[in-house]
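All remarks here apply to the structure that follows.
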Ligand code: FAD
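Residue numbers (the numbering used here): 2 to 432.
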């Protein structure tokens, strides 16, 4: 009998907790990856860059496993159906994997574990994609936090106390399933085409991280790590990154804590996927004007920082954090368009799309989320531009026609929009 190790968003051999423990036990381990049709069928773009990225990583893993005289079993389908057929093809003792905290993943894993149990197969899952998961960071009373600052203090305290260690596969231990290379489906076999978008490499630039607090707010500088996609798909280890962050830059470490904070919030409040974290905010009467929404999506609002951000997103699958905040605030406050529309647009486009962080970021910008600040913080796009792209380097790059008569006039007046937003939010909350 064999053990299956099921890769999902942990596409690496190094410091992979579930794989390490699978490899530690006696049975031979056959690694598995499933191109999950439940996820892929929901994507509109057949050239989705994230699918290209995953395909590249799966191909790399398969090559790395060849060095262990093993390979990667790659399937395409609904996970439950895939397991139904695997239990007929192989004699399986148990299945190892790493935990995933999104609502869909929790449901999928519960169904798979339930099916396997009926077949007499054990399902083991491990913490891997976070330093601290679901209920590890709580108040003294054992409640989960709703506000970031106290959460992050507790997180840091625990991080200092805990000894975070990384694990390594023992190359001498021959317990990976020995096989000739197993077939790898082409992108076209799973219904996709290669994307042309360039994908960032999983390199941690120490010099950049050391200066992170000085450079991170300026979109024209390459002042942030671009590691989002690698954290999303586990092509780098969070344990290694957090340890490096702790020795290089506290502000950078704080960003990694935000990531876990939002994962924790989603885990305990799965309703935030389509509801405001603060329920009263679901009474807001959004304008939801489709024409305004298109102008925002296309980067044609007449507000140069907003337009530059949206064009960067459309062209590269990336948008700088400062600009994500400005564009999201503009959509929800200036245009009074439901944060869920913006969230869905980002979810389609961002290479580093992460349900918990995207939802958290959007609810933060809309004022409906965990933020302690009240809704009346409304970013002024012109003063944000003045502060963070004073010499217009970022704007000129993405909006070359800015300053000419080809550039659109503002689709909404700032002062009017600000007052309108305040009135609409107030009306919802006074009810
Ligand atoms: P760096 O600044 O180098 O930060 C390193 C890592 O820390 C990031 O890769 C990310 O994993 C984490 N991180 C940084 N800032 C945050 C934050 N505010 N919240 C949570 N984690 C953070 N981040 C995503 O990973 N996926 C998303 O889908 C996403 N959507 C967002 C939507 C909005 C409206 C806003 C305001 C923010 C969103 N963020 C999201 C957070 C942040 O903008 C990105 O993580 C960051 O810009 C990614 O670039 P980087 O990898 O260079 O990050």
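By construction, the Cβ of each residue, glycine as well, lies at the ideal position given by its N, Cα and C atoms.
For residue i and residue j, I'd like the C-alpha separation in whole angstroms.
i, j, result
"residue 182", "residue 68", "10 Å"
"residue 42", "residue 31", "27 Å"
"residue 85", "residue 116", "8 Å"
"residue 296", "residue 61", "40 Å"
"residue 78", "residue 281", "40 Å"
"residue 303", "residue 291", "17 Å"
"residue 378", "residue 217", "21 Å"
"residue 258", "residue 242", "12 Å"
"residue 151", "residue 341", "27 Å"
"residue 307", "residue 168", "43 Å"
"residue 132", "residue 153", "12 Å"
"residue 26", "residue 89", "23 Å"
"residue 219", "residue 390", "7 Å"
"residue 196", "residue 345", "20 Å"
"residue 311", "residue 366", "16 Å"
"residue 49", "residue 185", "19 Å"
"residue 1", "residue 104", "Lying outside 2 to 432, the shown extent of the chain, residue 1 is not represented and no answer is given."
"residue 16", "residue 237", "9 Å"
"residue 343", "residue 363", "8 Å"
Just to confirm my understanding: we take residue i, look at its own chain, exclude 5 residues before and 5 after, and list those with CB closer than 6 Å. What are they?
i, result
"residue 253", "210, 213, 246"
"residue 54", "200"
"residue 98", "7, 19, 126"
"residue 347", "359"
"residue 357", "263, 264, 267"
"residue 314", "320, 350"
"residue 368", "376"
"residue 432", "284"
Hey, is residue i close to ligand 1, as in C-beta under 6 Å from one of its heavy atoms?
i, result
"residue 363", "yes"
"residue 270", "no"
"residue 358", "yes"
"residue 264", "no"
"residue 225", "yes"
"residue 256", "yes"
"residue 326", "yes"
"residue 259", "yes"
"residue 373", "no"
"residue 353", "yes"
"residue 318", "no"
"residue 232", "yes"
"residue 329", "yes"
"residue 306", "no"
"residue 322", "yes"
Grab me the residues of residue i's own chain with a C-beta within less than 7 Å of its C-beta, minus the 5 sequence neighbours each way, in chain order.
i, result
"residue 140", "146"
"residue 339", "287, 289"
"residue 180", "71, 72"
"residue 323", "218, 220, 389"
"residue 198", "50, 317, 318"
"residue 244", "165"
"residue 293", "336, 338, 412"
Taking all protein chains shown into account, decide if residue i is buried (16 or more other Cβ within 10 angstroms of its Cβ) or exposed.
i, result
"residue 143", "exposed"
"residue 384", "exposed"
"residue 405", "exposed"
"residue 70", "exposed"
"residue 248", "exposed"
"residue 47", "exposed"
"residue 51", "buried"
"residue 407", "exposed"
"residue 396", "buried"
"residue 260", "buried"
"residue 207", "exposed"
Give every residue of the same chain whose Cβ lies closer than 8 Å to the Cβ of residue i, excluding the five residues on either side of it in the sequence, and list them in chain order.
i, result
"residue 421", "337"
"residue 164", "none"
Does the CB of residue i have a neighbour CB from chain C at under 7 Å?
i, result
"residue 75", "Going by chain labels, chain C is absent from the structure shown, which holds only one protein chain."
* Ordered list of alpha helix (DSSP H) runs contained in the stretch 35 to 79, each at least 4 residues -> 38 to 41, 50 to 67
* Within the stretch 279 to 337, note down every full alpha helix (DSSP H) run reaching 4 residues or more, in order along the chain. => 291 to 299, 305 to 317, 322 to 330
* Please specify which runs of the alpha helix (DSSP H), each continuous and at least 4 residues long, are wholly inside the stretch 329 to 395, giving them in chain order. => Fully enclosed alpha helix (DSSP H) runs of no fewer than 4 residues occupy 340 to 350, 356 to 367, 382 to 389 of the stretch 329 to 395, in order along the chain.
* To do: Can you check the stretch 181 to 215 for any alpha helix (DSSP H) of at least 4 residues that lies completely inside it and give the ranges in chain order?
  => 207 to 211
* Asked: What are the start and end residues of each continuous alpha helix (DSSP H) run of 4 or more residues lying completely inside the stretch 222 to 262, in chain order?
  -> If we require 4 residues or more, the alpha helix (DSSP H) runs fully inside the stretch 222 to 262 come out as 229 to 234, 239 to 249.
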